[in-house]
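Put into C-alpha cells, the structure is as follows:
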C-alpha cells in the first residue's frame with residue numbers, strides 16, 4: 001500500500017510546486033486592497049440606489065425599498081455580464097466582485113450564457129445554477145433549520 | 158449636519174463592505190478555498206447572525222455594507238423563514254426564506270435568461 005501511495009504523494013507534491021510556480025503572483029496586499037475598494041464601492045452604489053428610491057417612493061416600506069434596490073443592482077450586474085464588462089472588473093476585484101449580491105447575479109448569468117451553445121433547455125436552463133447552486137441549496141436548508149429552531153425554542157415563550 | 162451624517166453613513170458602508178470582501182479575499186489566498194465554498198461560508202455566517210439576532214444591530218450600523226455581501230442574502234433567508242414560521246406555524250419555515258428572497262432570485266433568473274437570448278458569450 002505504501003509503495004503505491006508514496007509515488008502518488010511525491011507526484012502531487014511536485015504538481016503543487018509546479019502550480020505555485022505557474023500561478024501569477026499578484027501581491028497579497030495589492031489584491032486585498034483591490035477587493036476592499038471594489039467591494040466597498042459596490043456596497044456604496046447599492047446604498048445610493050436605495051437612498052434614491054427612498055426619496056422617489058417615500059410611502060414604500062423599508063423592506064420594499066431593499067427589494068427593489070437589490071433587483072436593480074442585480075439587473076445592472078447581469079447586463080454588465082452580458083456586455084462583457086463584469087469580467088474585466090472581476091479580474092481585478094477578486095472577492096470584491098463575487099461576494100456582493102452582484103457576484104451572485106454574475107455567477108448565474110455567466111453560467112447561463114456559457115452553456116447557451118448546448119441549447120436553451122439542456123444548456124442554459126440546466127446549468128444556470130451550476131455555480132450558485134451550493135449557495136441556494138445551503139441557504140434554503142439552513143434557513144429552514146433556523147426557522148424551525150426559532151419556533152421551537154422561542155415560540156414557547 | 159445632515160450632509161455630514163450622509164457622508165459618515167457612506168464611509169461606514171464602504172468600510173464594512175470592503176472589509177467583508179477583503180476578508181473573503183484573504184481566505185482565498187491563505188486557505189485556497191474555492192469561491193463557491195467561500196460564498197457558502199459567508200452565507201451560513203449570515204444565517205447564523207440572523208438566527209442569533211445579532212444581524213439587526215449590525216445592519217442598522219452598516220446598512221448596505223452588510224446587506225449587499227452574500228451575508229445579507231443569508232440573513233434575509235433566515236429572517237423570512239423565522240417570520241413566516243411565527244405567523245403560520247412550522248410549515249412556514251420551509252417557505253419563508255424563499256418568499257423573502259424571491260424578488261432578487263426571480264429577477265436574476267429572468268434577466269439571465271433574457272441576457273442569454275440577446276447576447277452571445279464572448280471568448281475570454
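Residue numbers (the numbering used here), protein chains in the order written: chain A, 1 to 157; chain B, 158 to 281.
The beta carbon of each residue, even a glycine, is placed where N, CA and C say it ideally should be.
Classify residue 134/A as helix, strand or coil using the three-state DSSP reduction. Here residue 134/A corresponds to residue number 134 of the first chain, with the count starting at 1. Helix at residue 134/A.
Quick one: measure Cβ to Cβ for residue 208/B and residue 146/A, integer angstroms, because I've assumed they're closer than 8 Å. As a first step, residue 208/B is located in the second chain; it is residue number 51 there, counting from the start. As a first step, residue 146/A is located in the first chain; it is residue number 146 there, counting from the start. Contact flag correct, Cβ pair sits at about 4 Å.
By alpha-carbon positions, which one of 274/B, 184/B, 239/B and 251/B ends up nearest to residue 205/B? Against the second chain, residue 205/B aligns to sequence position 48. With distances taken between Cα atoms, residue 205/B lies closest to 239/B.
Use the C-beta contact count for residue 167/B: other C-beta atoms within 10 angstroms, 16 or more gives buried, fewer gives exposed. In the second chain, the residue the question calls residue 167/B occupies position 10. When all chains shown are included, residue 167/B counts as buried.
Using CA coordinates, which residue listed in 59/A, 61/A and 105/A is at the minimum distance from residue 73/A? On the first chain, position 73 is the one that residue 73/A refers to. When each option's Cα is compared against that of residue 73/A, the closest is 105/A.
To which residues does DSSP link residue 226/B through a beta bridge? Residue numbering aside, residue 226/B sits at position 69 when the second chain is read from its first letter. Bridge partners of residue 226/B: 100/A.
Neighbourhood of residue 190/B by C-beta, 8 Å cutoff - its chain only, sequence neighbours within 5 removed: Counting from 1 along the second chain, the entry for residue 190/B is found at position 33. Answer for residue 190/B: 184 and 198, listed in chain order.
DSSP three-state assignment for residue 19/A, whether helix, strand or coil: Taking the first chain and counting its residues from 1, the one referred to as residue 19/A is at position 19. Helix at residue 19/A.
Counting only the same chain and skipping the five closest in sequence on each side, list residues whose C-beta sits under 8 Å from that of residue 163/B. Residue 163/B sits at position 6 when you count from the first residue of the second chain. None.
For the region 226 to 237 of chain B against the region 91 to 103 of chain A, are there 3 or more C-beta pairs whose distance is under 8 Å? yes
Chain-ordered chain A contacts of residue 247/B [CB-CB under 9 Å]: Looking up residue 247/B in the second chain gives position 90. Residues of chain A passing the Cβ test: 147, 148, 151, 152 and 155.
Is residue 30/A close to chain B, meaning its C-beta is less than 8 Å from at least one C-beta of that chain? The count along the first chain starts at 1 and reaches residue 30/A at position 30. Judged by the 8 Å Cβ criterion, residue 30/A is not in contact with chain B.
Go ahead and label residue 85/A buried or exposed: buried means 16 or more other beta carbons lie within 10 angstroms of its beta carbon, across all protein chains shown. Translated into the one-based positions of the first chain, residue 85/A becomes position 85. Residue 85/A comes out exposed.
Could you check whether the Cβ of residue 100/A sits closer than 8 Å to any Cβ belonging to chain B? Locating residue 100/A in the first chain gives position 100, counting from the first residue. Yes - at least one Cβ of chain B is within 8 Å of the one on residue 100/A.
Quick check on the burial criterion: 16 or more other C-beta atoms within 10 angstroms. Buried or exposed for residue 47/A? As a position in the first chain, residue 47/A is number 47, starting the count at 1. So residue 47/A counts as buried.
Would you please verify whether the beta carbon of residue 212/B is less than 8 Å from any beta carbon of chain A? Along the second chain, read from residue 1 onward, the residue named residue 212/B stands at position 55. Not an interface residue.
Decide yes or no for the touch test of the region 136 to 151 of chain A against the region 243 to 260 of chain B: beta carbon pairs closer than 8 Å, at least 3 of them. yes
I want to see whether chain A comes within less than 8 Å of residue 165/B, judged by CB atoms only; does it? Position 8 of the second chain, counted from the start, is the residue given in the question as residue 165/B. Taking Cβ atoms only, chain A never reaches closer than 8 Å to residue 165/B, which makes this a no.
Tell me whether residue 245/B is buried or exposed, calling it buried when 16 or more other Cβ atoms sit within 10 Å of its Cβ. Numbered from 1 along the second chain, position 88 holds the residue referred to as residue 245/B. Looking at its Cβ environment, which holds fewer than 16 other Cβ atoms inside 10 Å, residue 245/B is exposed.
If I measure Cβ to Cβ from residue 281/B and keep anything under 7 Å in the same chain, skipping five residues before and after, which residues do I get? Residue 281/B sits at position 124 when you count from the first residue of the second chain. Caution applies to residue 281/B, whose pLDDT of 49 falls short of 50 and renders its modelled position unreliable; the value that the coordinates give is listed next. Within the same chain, residue 281/B has no close Cβ partners at all.
Would you say residue 74/A faces chain B, with C-beta separation under 8 Å as the test? As a first step, residue 74/A must be located in the first chain, where it is residue number 74. Yes, contact with chain B.
Separation of residue 260/B from residue 212/B, as counted between CA atoms: What you label residue 212/B is simply residue 55 of the second chain in a count that begins at 1. What you label residue 260/B is simply residue 103 of the second chain in a count that begins at 1. Residue 212/B and residue 260/B: Cα-Cα distance of roughly 21 Å.
Are the Cβ atoms of residue 277/B and residue 116/A separated by less than 8 Å? In the second chain, counting from the first residue as 1, residue 277/B sits at position 120. In the first chain, counting from the first residue as 1, residue 116/A sits at position 116. In this structure, residue 116/A lies closer than 8 Å to residue 277/B by Cβ.
Can you give me the start and stop residues for the alpha helix (DSSP H) that residue 120/A sits inside? Position 120 of the first chain, counted from the first residue, corresponds to residue 120/A. Per DSSP, residue 120/A belongs to no alpha helix (DSSP H) and is neither H nor E.
What are the start and end residues of the alpha helix (DSSP H) that includes residue 191/B? If you number the second chain from 1, residue 191/B lands on position 34. Element bounds for residue 191/B: n/a, residue is neither H nor E.
Counting pairs of beta carbons, one from the region 175 to 183 of chain B and one from the region 26 to 37 of chain A, are three or more of them closer than 8 Å? yes
Between residue 217/B and chain A, is the shortest Cβ-Cβ distance under 8 Å, so that the two count as touching? Sequence index remark: in the second chain, residue 217/B carries index 60 (1-based). No - not a single Cβ of chain A is within 8 Å of the one on residue 217/B.
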